[in-house]
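Novice: Provided herewith is a single structure, encoded as structure tokens, for subsequent inquiry.
Protein chains: 2
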Amino acid sequence: MPSSRDKKRAAEETANRLRDAILRGVYPAGSDLPGERELSTRLGISRLTLRAALARLEAEGLVRPVHGSGNRVLDFQDTGGVELLGHLLAIANSGEEVRGRKDAGLTLLANLLELRRFAAVEAVGFAAERATPEEIATLRAHVEHQALLLSQPEAYVRADLHFARLLTRMTHNFALVLLANTIIRVLEAQPGVALTFFLDPPGTITVYRRMVDLIESHDAQAARAFTRRLIGAFDRGLLSRLATLTSVAPPPLPPSHDDALLESPHLVSQDAPLPKTTKEVP
Amino acid sequence: MPSSRDKKRAAEETANRLRDAILRGVYPAGSDLPGERELSTRLGISRLTLRAALARLEAEGLVRPVHGSGNRVLDFQDTGGVELLGHLLAIANSGEEVRGRKDAGLTLLANLLELRRFAAVEAVGFAAERATPEEIATLRAHVEHQALLLSQPEAYVRADLHFARLLTRMTHNFALVLLANTIIRVLEAQPGVALTFFLDPPGTITVYRRMVDLIESHDAQAARAFTRRLIGAFDRGLLSRLATLTSVAPPPLPPSHDDALLESPHLVSQDAPLPKTTKEVP
DNA sequence: TACCACTCACTGGTCATACCAGTTCTCGAG
DNA sequence: CTCGAGAACTGGTATGACCAGTGAGTGGTA
Chain R
985 MPSSRDKKRA
995 AEETANRLRD
1005 AILRGVYPAG
1015 SDLPGERELS
1025 TRLGISRLTL
1035 RAALARLEAE
1045 GLVRPVHGSG
1055 NRVLDFQDTG
1065 GVELLGHLLA
1075 IANSGEEVRG
1085 RKDAGLTLLA
1095 NLLELRRFAA
1105 VEAVGFAAER
1115 ATPEEIATLR
1125 AHVEHQALLL
1135 SQPEAYVRAD
1145 LHFARLLTRM
1155 THNFALVLLA
1165 NTIIRVLEAQ
1175 PGVALTFFLD
1185 PPGTITVYRR
1195 MVDLIESHDA
1205 QAARAFTRRL
1215 IGAFDRGLLS
1225 RLATLTSVAP
1235 PPLPPSHDDA
1245 LLESPHLVSQ
1255 DAPLPKTTKE
1265 VP
Chain Z
985 MPSSRDKKRA
995 AEETANRLRD
1005 AILRGVYPAG
1015 SDLPGERELS
1025 TRLGISRLTL
1035 RAALARLEAE
1045 GLVRPVHGSG
1055 NRVLDFQDTG
1065 GVELLGHLLA
1075 IANSGEEVRG
1085 RKDAGLTLLA
1095 NLLELRRFAA
1105 VEAVGFAAER
1115 ATPEEIATLR
1125 AHVEHQALLL
1135 SQPEAYVRAD
1145 LHFARLLTRM
1155 THNFALVLLA
1165 NTIIRVLEAQ
1175 PGVALTFFLD
1185 PPGTITVYRR
1195 MVDLIESHDA
1205 QAARAFTRRL
1215 IGAFDRGLLS
1225 RLATLTSVAP
1235 PPLPPSHDDA
1245 LLESPHLVSQ
1255 DAPLPKTTKE
1265 VP
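Chains R and Z are the protein sequences, given in the same order.
If you're matching positions, the first sequence starts at 985 in the numbering used here and goes up one per residue.
If you're matching positions, the second sequence starts at 985 in the numbering used here and goes up one per residue.
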């Protein structure tokens, strides 16, 4: 059973392949990609299609073309955009390593949840301060709509993402809206990744209902506190359950995930601070 | 005096022109761009170059090509990514309207500052919890380096952005790192926009020094509180000064900016919530 | 008259080839 | 050994052709 649609545009497919290769470290940062002519023939596409794919990667901050020299591979830890998150998670969840780290999957998910958490806290807070009655009514209606989709995972995820969209709009902060757009777009493009977010849909709906109530009360303080507490507990539960699942599941993941992750998610990214990692003395 | 370098790649130049046109509403959301063949000849470039530009816009969520139909213009309020912020600010700052709103400039800046503010609060908090001594030393050294660049605006801005980069890394949250990368990349591409952020460099340096101290103390609570308070005051001052400047400066901006902006920045964006506005019976 | 299926003139997607414009490295002149 | 001219790369753009979806107009049918 093929995991993705086979009928995609060649350029997009090529972009995905190259992106994966770069994120997996096949083409190390600082090096040059093979020449466009060679690479295109190797991939079985025309140079033009290759260039379309490269344009995409350039926009994502993975590659910088240098006229006369080559397509330089950038260090995505320095220049990669948020839109990489979905791809990174997809790679990590497939049991692969990301730049030599096997525990990247859960760590990355913990990072993302942490970002989601405090972004949501602020969004709910601002919404409580600024949302109009019409917006609140719309959001409430949407939550009830979403509650009817519990049995349809894909539709449910879409609805959940739309909840985030609506909530973000209610902050009346356009920068936040654009930020949410970016993240939502990534998750929509990676349905599998988005699904891992939602192990407890009924609980989510309950939380959402209460959130709307708090927003309607215009008590930003309480709204923030509630969101922080509830989503925090939710994420903790989700991560611990996922850690259990993955340590039992077939993928080649050694039992190296303990709950320490939940307290202080780490992802070493020391290109500048700590160049050498040869010795590790616990 | 030309505002930008004339020697740029045609594709990039084209992408900028098209992006501006879309953001200004020349091509309304939902409509189709002119055919690629016509558009390319009209712009005086080859279709190939045009397509390279379109690929960029597609990655930014501004356009979705529909095979056999046309290049559909999307509503960037629904699908636009964060990378649009810089361009939007540039347009708004040039005195132009953005989608019919004249006060977009200051409002947008206020939005962005708000985002920056609470992101910084969390970043400093997490950094206080997780930063290593080496990272703290590096950051401290960088602040002193930045302090020497007060007389060189461009280098100073670059250094300031790098401060943000270093600080974000210290959170050990890769999602935050990528998010910062995206925003920093935008600001680096729009030097003029970035400059408006920094009307008081010496004050910034002072704040940064204290921030590093608080991070080193590993008192996340205090670090967050300080950051929230200081950056808040800083942003308020910056906005009020900018409001004064623009209401006096030559650009065709009517005196419609009052300090109410600072309290509750608004940007109406009701495309989805109210499909039909013909009848409204409460 | 109303409706449905087909056709064809669009659209974007891909390709092959050629040439321009930078960069890098080699190799010979000094 | 140093250095500079040029050859041999690299990416950037242009042209023209063809493939592949889309959608509206057309014609026929019920």
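Glycine is no exception: its CB is placed at the ideal position from the N, C-alpha and C atoms.
1) Buried or exposed: R/H1156, going by 16 or more other Cβ atoms within 10 Å of its Cβ?
2) Strictly by DSSP, which residues pair up with Z/G1054?
3) Using a Cβ-Cβ cut-off of less than 9 Å, list which residues of the segment 1017–1036 of chain R approach chain Z; keep chain order.
4) Since R/Q1130 is in the alpha helix (DSSP H), which residue starts that stretch and which ends it?
5) Name, in chain order, the residues that DSSP records as bridge partners for R/D1016.
6) Would you check if the distance between the CB atom of R/V1108 and the CB atom of R/R1194 is smaller than 8 Å?
7) Inspect the CB distances between the segment 993–1011 of chain Z and the segment 1032–1045 of chain Z and report whether three or more fall short of 8 Å.
8) Taking a Cβ distance cut-off of 8 Å, strictly less, list which residues of the segment 1120–1152 of chain R are near chain Z, in chain order.
9) Over what stretch of residues does the alpha helix (DSSP H) that includes Z/E940 continue unbroken?
10) Can you give me the start and stop residues for the alpha helix (DSSP H) that Z/N1165 sits inside?
11) Helix, strand or coil: how does DSSP classify Z/R993 here?
12) Could you give the first and the last residue of the continuous alpha helix (DSSP H) run that contains R/Y1011?
13) Specify the secondary structure class of Z/S1240 as computed by DSSP and reduced to three states.
14) Shortest alpha-carbon distance to Z/I1168 belongs to which of Z/V1050, Z/L1226, Z/D1144 and Z/V1196?
15) So Z/A1076 packs on Z/L1096, CB below 8 Å; how close in whole Å?
16) Going by beta carbon distance, what residues of the same chain come within less than 6 Å of Z/P1257, once the five residues before and after it are set aside?
17) Please name the residue in R/A1074, R/G1065 and R/D1184 whose C-alpha comes closest to that of R/V1177.
18) According to DSSP, is R/I1029 helix, strand or coil?
19) For my contact list, Z/L1007 and Z/L1090 are in at a C-beta cut-off of 8 Å; report their separation, rounded to the angstrom.
20) R/H1129 to R/F1181, Cα distance in whole Å?
21) Taking Cβ to Cβ, would you say R/V1141 is nearer than 8 Å to R/P1186?
22) Counting only Cβ pairs nearer than 9 Å, list the residues of chain Z close to R/G1064.
23) Using a Cβ-Cβ cut-off of less than 8 Å, give me the residues of the segment 1181–1193 of chain Z that come near chain R, in sequence order.
24) If you drop the 5 nearest sequence neighbours on each side, which residues of the same chain put their C-beta closer than 7 Å to that of R/A999?
25) Out of Z/N1055, Z/I1029, Z/T1063 and Z/R1026, state which residue places its alpha-carbon closest to the alpha-carbon of Z/E1044.
26) Within 8 Å of any Cβ in chain Z, is that where the Cβ of R/G1045 sits?
27) Give me the subset of the segment 1167–1178 of chain R whose CB atoms are less than 7 Å from a CB atom of chain Z, sorted by chain position.
Specialist: A quick look at the data gives this:
1) Numbered from 1 along the first sequence, position 172 holds the residue referred to as residue 1156 of chain R. By the neighbour-count criterion, in which 16 or more other beta carbons inside 10 Å mark a residue as buried, R/H1156 falls on the buried side.
2) Residue numbering aside, residue 1054 of chain Z sits at position 70 when the second sequence is read from its first letter. In the DSSP assignment, Z/G1054 is bridged to Z/V1050.
3) For chain Z, the residues of the segment 1017–1036 of chain R that bring a beta carbon within less than 9 Å of one of its beta carbons are L1032, R1035 and A1036, in chain order.
4) Indexing the first sequence from 1 puts residue 1130 of chain R at position 146. Its alpha helix (DSSP H) spans residues P1117 to A1131.
5) Sequence index remark: in the first sequence, residue 1016 of chain R carries index 32 (1-based). For R/D1016, which the question treats as bridged, DSSP gives the partners R/R1056.
6) If you number the first sequence from 1, residue 1108 of chain R lands on position 124. If you number the first sequence from 1, residue 1194 of chain R lands on position 210. Result no, Cβ atoms of R/V1108 and R/R1194 do not sit closer than 8 Å.
7) The count of Cβ pairs closer than 8 Å, one atom from the segment 993–1011 of chain Z and one from the segment 1032–1045 of chain Z, reaches three, so the stretches are in contact.
8) Within the segment 1120–1152 of chain R, the residues whose Cβ lies closer than 8 Å to some Cβ of chain Z are T1122, R1149 and L1150, listed in chain order.
9) The structure shown does not extend to residue 940 of chain Z, since chain Z is modelled only from 985 to 1266, so the question has no answer here.
10) Along the second sequence, one-based indexing puts residue 1165 of chain Z at 181. Where Z/N1165 is concerned, the enclosing alpha helix (DSSP H) stretches over F1158 to A1173.
11) Within the second sequence, numbered from 1, the residue matching residue 993 of chain Z stands at position 9. In the displayed model, Z/R993 falls within coil according to three-state DSSP, outside both helix and strand.
12) For the purposes of this step, residue 1011 of chain R is taken as the residue at position 27 of the first sequence. No alpha helix (DSSP H) contains R/Y1011, which DSSP labels as neither H nor E.
13) The residue you call residue 1240 of chain Z lines up with position 256 of the second sequence. Because the pLDDT of Z/S1240 is 30, which lies under 50, any placement of that residue in the model is unreliable, and the number read from its coordinates should be weighed accordingly. In this structure, Z/S1240 counts as coil in the three-state DSSP scheme.
14) Position 184 of the second sequence, counting from 1, holds the residue named residue 1168 of chain Z. Considering only alpha carbons, the answer is Z/D1144.
15) By 1-based counting over the second sequence, the position of residue 1076 of chain Z is 92. By 1-based counting over the second sequence, the position of residue 1096 of chain Z is 112. In fact, because the Cβ distance is near 11 Å, the residues do not count as touching under 8 Å.
16) As a working note, residue 1257 of chain Z is residue 273 in the second sequence. Because Z/P1257 carries a pLDDT of 33, less than 50, the predicted location of this residue cannot be relied on, and no value is offered for it.
17) Along the first sequence, read from residue 1 onward, the residue named residue 1177 of chain R stands at position 193. Nearest of R/A1074, R/G1065 and R/D1184 to R/V1177, Cα basis: R/A1074.
18) Position 45 of the first sequence holds residue 1029 of chain R. Correct three-state label for R/I1029: coil.
19) For this step, residue 1007 of chain Z is matched to residue 23 along the second sequence. For this step, residue 1090 of chain Z is matched to residue 106 along the second sequence. At roughly 17 Å, the Cβ-Cβ gap does not stay under 8 Å, so Z/L1007 and Z/L1090 are not in contact.
20) Here residue 1129 of chain R corresponds to residue number 145 of the first sequence, with the count starting at 1. Here residue 1181 of chain R corresponds to residue number 197 of the first sequence, with the count starting at 1. For R/H1129 and R/F1181, the distance between alpha carbons rounds to 19 Å.
21) By one-based count along the first sequence, residue 1141 of chain R stands at place 157. By one-based count along the first sequence, residue 1186 of chain R stands at place 202. In this structure, R/V1141 lies away from R/P1186, with their beta-carbon atoms at least 8 Å apart.
22) As a working note, residue 1064 of chain R is residue 80 in the first sequence. Residues of chain Z passing the Cβ test: V1161, L1162, N1165 and T1166.
23) Residues: none.
24) Translated into the one-based positions of the first sequence, residue 999 of chain R becomes position 15. Counting only Cβ-Cβ distances below 7 Å, and skipping sequence neighbours, we find A1037, R1040 and L1041.
25) The residue given as residue 1044 of chain Z occupies position 60 in the second sequence. The shortest C-alpha separation from Z/E1044 is found at Z/T1063.
26) Translated into the one-based positions of the first sequence, residue 1045 of chain R becomes position 61. Chain Z, which has a Cβ nearer than 8 Å to the Cβ of R/G1045, makes this yes.
27) Hits within the stretch, in order: R1169.
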